[in-house]
Each structure stands twice: as C-alpha cells, then as structure tokens.
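K.L.:
So that we are looking at the same thing, I have put the structure below in structure tokens.
In the numbering used here, the protein residues as written are 115 to 551.
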C-alpha cells in the first residue's frame, strides 16, 4: 500500500469525494465523451475513477481505464509506450488493489516504475510534464476549490514542454474561470495575452475562440465584428453542443438576452435530442423570467420554461442549479408546493454536496423562505448557514449583506444575536487567514 500511496494518480490527488460533485462530473464527462476532444484519454481516466468512487460495477471502471490506455497508447510515438500512460497505469494499479487483485496491481506498479525510469521528469520539474498536465486538467473539473492548484500544475507542465497546445488551453481556461470566480471587473493584460497566445496556437478550437472573444470584450476591445463572430461560432457547433453555454453567455452579456435566446431556440430546434441544447435553452428562459426589465410575457415564458426545465432535470438528475432554478420558477408561477418539494428533497441529500453547492442551496432556500413562505426567522437561519461556508461567491456575499441589514436594524428582534454571529464569523475568518500568512 505504501508504494501505491506514492503514485501520482486520481486515487492520490485528494479530489472531492462528495457524491453530488462526482455524479455531476459523471454526467458531464459522459456527454463530452461523445464529442471530438483532445483530452479523451484523460477523460476516460477520470471517468473510470469516478465510476469506482460512486459504486458503479468494477468492470465499468476497468473498461474506462482500459479505453483510456488504448487512446493514450495511440498518441505515443515509441511502440505505444510513453509518459502519457503514467497516470493511467497508476490508476489501474490502485483499482486492482482495491478489487483485491494483488497480482494485477503489482503488474501495473512495475509498469509505472519502468515508465518513470524510461521517462524521467526534465530539469526543473517535480513530476513529468504529462503528469502535471493531466493533474491540472482533472483538478479543473472540480470547481473553484481546485482552480489555483490546476493553474500551478499547468504552469509546471509548460516549463517541461512549453509547446503543448492542450496545456496552454488548460492554463487560460483555469485562469479565466478564477478571474470570474473572484468577480474581478478588469482582466489583467497578462491573462489577455495568454488567451491570445492560446487562440493563436489553437485557431480551430471553439472553446478557446469564444474565450478570446470574452477576453476582447472584458478588456474594452468589443466591436460589432466580435459579436458577429460569436454568432458564426454558434453555427459551427455540432452535437454534443458542449460549447453552447459559453457562446450564449457571451451573447447575453455583450449582445442581448434576446439574441442569446434566439440562438438557443434555433439550436434546440435543429438538434432536438441534444441534452445540452435543452439545458442552455432552459437557462435562457430563466434569465428572461428573472430579468427585472422583462415586464411583459413572463407568464408565457414560464409556461415554456417549466416543461423544458423538468426535462433537463430528468436528463441531468444531479444538476443542482437546474433544480433550484426550476423551484424558483415554480414559486414565481404560484406553484409554491412544488418548489417546497424540490428544496426539501435537496436538503435531504445535503451530505452529498460539496461546500460550494451547499452554500448555493442554503442561500437560495433562505430567499425562498423569506419571499415565498414569509418565514423570516427560518430564512435568517439558512442565511447564517450559507455565511458560515467560507468560500468566495456572490451567494455568500448576498447572505452576509442580508445578515448585516438585520444587525444594523436595532428594532429587529434578532439584531443582537446577528451582531454577535457576524463578529464571531469575522474573527474566525481572520484566524483562518492567519494560517496562510
């Protein structure tokens, strides 16, 4: 077991083990696996690990890892052996050990040792660049908590192999998402230039192309031409429409919500069996319904949105945000009982949620309790639960803002209690920050 623990693979990378997050990644990876992506070997490596962690049959996990091995072998130049296989063979060593198959596990342990000897890490690299690259890609799949680690691993991979297009792509995606997570208003010129370089070396990559358009707009370089380019990219999409969300986000922010909705409706009509097309159309309906400037036709929009959202949440049974959005639309359309049912079902599964998902659930349920159930005290308790999760997010910021308004209202019966709560919260956050000084 000691030799296994020293391996670099998904079983040792301390990725989130929350069932909700793992199931969500399973749904996404299974959909992306049907597309032509350059990370398919990494994808099946991660999917095999996820299958084991969520309790799928062992043979299903092994099939994924073996499929990854075949893909990675085809990418190697030296008789199918090379450093791309290091993580995969380590995963297989772990999985066979966990399945109580010591002989098979030992075989893969020895193969990892041979690969490490034949393909040592280059000077200046702690691990082989292939390992750093795959580690960064896997960490990026697990959200905001892993963003900085992913950036670090992509940077280390590029030290060893500065020309790899996939790692330049991974680096700028991770940096841009961190920029969005923080809510930074201005993008640094450094990130813009890195995105520009990734676009130059990945000219046909739709994901990088739309990222570049976002970067142009975010740095004050928006023109009518780049809006037209976004529409052109939308027409280039083929199922599965995994990049549609990025394009619609750009159009919603930098063109108009109606423009994004029109594209979403067109593509859902063109590809009626595509799950992501339905998901993105549902999101566009939600943005229209809750747009404060939208004061006509909301009832008709809700009638369209509800069946789409109901179908999407069946197609993506672990799509937490989608279920919460559906609950909000139910509540707005006077179907409060159905909204209550969704929230209570989600709260029963809260142990399966990772901190960002739990924070989202608490904050949105608190708002539901206040506005729809008129339960002020219970709403306050859930805002407190959200505030206690120390993650940077707009939902947490909103919950803290609401709690501060209570603390500042001397006539509120919970004024002193919330003042004390916020003081303790601030002290705890200071202590946590001190740990990293």
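Glycine included, C-beta positions come from ideal geometry on N, C-alpha and C.
Given this structure, state the Cα-to-Cα distance separating residue 406 from residue 398, to the nearest angstrom.
P.N.:
Rounded to the nearest angstrom, the two C-alpha atoms are 14 Å apart.
K.L.:
Could you give the C-beta distance for residue 196 and residue 250, rounded to a whole number, given that I count them as a contact under 8 Å?
P.N.:
With a Cβ gap of about 19 Å, residue 196 and residue 250 do not count as contacting.
K.L.:
Quick one: Cα of residue 309 to Cα of residue 417, how far?
P.N.:
Each residue's Cα considered, the two are about 40 Å apart.
K.L.:
Do the CB positions of residue 374 and residue 400 come within less than 8 Å of each other?
P.N.:
Taking 8 Å as the Cβ cut-off, residue 374 and residue 400 do not qualify as a contacting pair.
K.L.:
Give me, in chain order, the residues of the same chain whose beta-carbon lies closer than 7 Å to that of residue 168; leave out the 5 immediate sequence neighbours on both sides.
P.N.:
Result list for residue 168: 133, 136, 137 and 140, in chain order.
K.L.:
Is it true that the region 437-453 meets the region 140-153, where meeting means three or more beta-carbon pairs spaced less than 8 Å apart?
P.N.:
Contact fails: fewer than three Cβ-Cβ distances are below 8 Å.
K.L.:
Mind reading off the beta-carbon distance from residue 467 to residue 505? Whole number of angstroms is fine, and I expect it under 8 Å.
P.N.:
Between residue 505 and residue 467 the Cβ distance is about 12 Å, and since that is not below 8 Å, they are no contact.
K.L.:
Compute the Euclidean distance between the alpha carbons of residue 382 and residue 390, then round it to the nearest angstrom.
P.N.:
Cα to Cα, residue 382 sits roughly 9 Å from residue 390.
K.L.:
Tell me the residue span of the alpha helix (DSSP H) that contains residue 469.
P.N.:
Here the alpha helix (DSSP H) through residue 469 covers 469-485.
K.L.:
Taking DSSP as the reference, what is the three-state secondary structure of residue 195?
P.N.:
Three-state DSSP puts residue 195 in a strand.
K.L.:
Please list the segments of the alpha helix (DSSP H) lying wholly inside the region 234-286, counting only runs of 4 or more residues, in order along the chain.
P.N.:
Correct list: 243-254 and 261-274.
K.L.:
Hey, how far is the Cα of residue 393 from the Cα of residue 300?
P.N.:
If I take the Cα positions, the gap works out to 29 Å.
K.L.:
With a floor of 4 residues, list each alpha helix (DSSP H) that falls wholly inside the region 497-531, ordered by position along the chain.
P.N.:
Complete alpha helix (DSSP H) runs here, min 4: 508-521.
K.L.:
Using alpha carbons as the reference points, say which of 288, 333 and 275 lies closest to residue 303.
P.N.:
Per the Cα distances, 333.
K.L.:
DSSP three-state label for residue 300, please.
P.N.:
Residue 300: coil per DSSP, three-state reduction.
K.L.:
How about residue 204 and residue 226: are their beta carbons less than 8 Å apart?
P.N.:
Yes. Within cutoff.
K.L.:
At the level of alpha carbons, what is the spacing between residue 513 and residue 123?
P.N.:
About 38 Å.
K.L.:
Distance check for residue 158 and residue 273, CA to CA, integer angstroms please.
P.N.:
Approximately 26 Å, taken between the alpha carbons.
K.L.:
Excluding the five sequence neighbours on either side, which residues of its own chain have a C-beta within less than 6 Å of the C-beta of residue 489, listed in chain order?
P.N.:
Around residue 489: 483.
K.L.:
Sorted by chain position, which residues of the same chain lie with C-beta nearer than 8 Å to residue 550's C-beta, five sequence neighbours on each side aside?
P.N.:
Here residue 550 scores only 35 on pLDDT, less than 50, and its place in the model is too uncertain to base an answer on.
K.L.:
Out of 376, 384, 371 and 363, state which residue places its alpha-carbon closest to the alpha-carbon of residue 354.
P.N.:
The shortest Cα separation from residue 354 among 376, 384, 371 and 363 belongs to 384.
K.L.:
Can you give me the Cβ contacts of residue 351 inside the same chain, cut-off strictly under 8 Å, excluding the 5 residues immediately before and after it?
P.N.:
These residues qualify, in order along the chain: 320, 357, 358, 361 and 381.
K.L.:
Could you check which residue in 248, 424, 402 and 426 has the C-alpha nearest to that of residue 556?
P.N.:
The chain is shown only over 115 to 551; residue 556 falls outside these bounds and no answer can be derived.
K.L.:
Let me know if residue 448 comes out buried or exposed under the rule of 16 or more other beta-carbons within 10 Å of its beta-carbon.
P.N.:
So residue 448 ends up on the exposed side.
K.L.:
With a threshold of 16 other CB atoms inside 10 Å of the CB of residue 524, please say whether the residue is buried or exposed.
P.N.:
By the 10 Å Cβ count, residue 524 comes out exposed.
K.L.:
Would you report the Cα separation of residue 413 and residue 404, rounded to the nearest angstrom?
P.N.:
Distance between the alpha carbons of residue 413 and residue 404: 12 Å.
K.L.:
Alpha carbon to alpha carbon, how far is residue 465 from residue 223? Give it in angstroms, no decimals.
P.N.:
Near 35 Å, if we compare the C-alpha coordinates of residue 465 and residue 223.
K.L.:
If you drop the 5 nearest sequence neighbours on each side, which residues of the same chain put their C-beta closer than 6 Å to that of residue 423?
P.N.:
Answer for residue 423: 396 and 440, listed in chain order.
K.L.:
Taking contact to mean at least 3 C-beta pairs separated by less than 8 Å, is the region 279-294 in contact with the region 496-503?
P.N.:
Touching, no, given that fewer than three Cβ pairs across the two stretches are closer than 8 Å.
K.L.:
So residue 178 is in the alpha helix (DSSP H); what residue range does that whole segment cover?
P.N.:
Per DSSP, residue 178 belongs to the alpha helix (DSSP H) from 172-189.
K.L.:
If we ignore side chains and look at the alpha-carbon of each, how far apart do residue 170 and residue 516 end up?
P.N.:
Between residue 170 and residue 516, the C-alpha separation is close to 42 Å.
K.L.:
If you reduce the DSSP assignment to three classes, tell me which class residue 211 lands in.
P.N.:
Residue state, collapsed to three classes: helix.
K.L.:
What residue range does the alpha helix (DSSP H) around residue 161 cover?
P.N.:
Run containing residue 161: 154-167, per the alpha helix (DSSP H) assignment.
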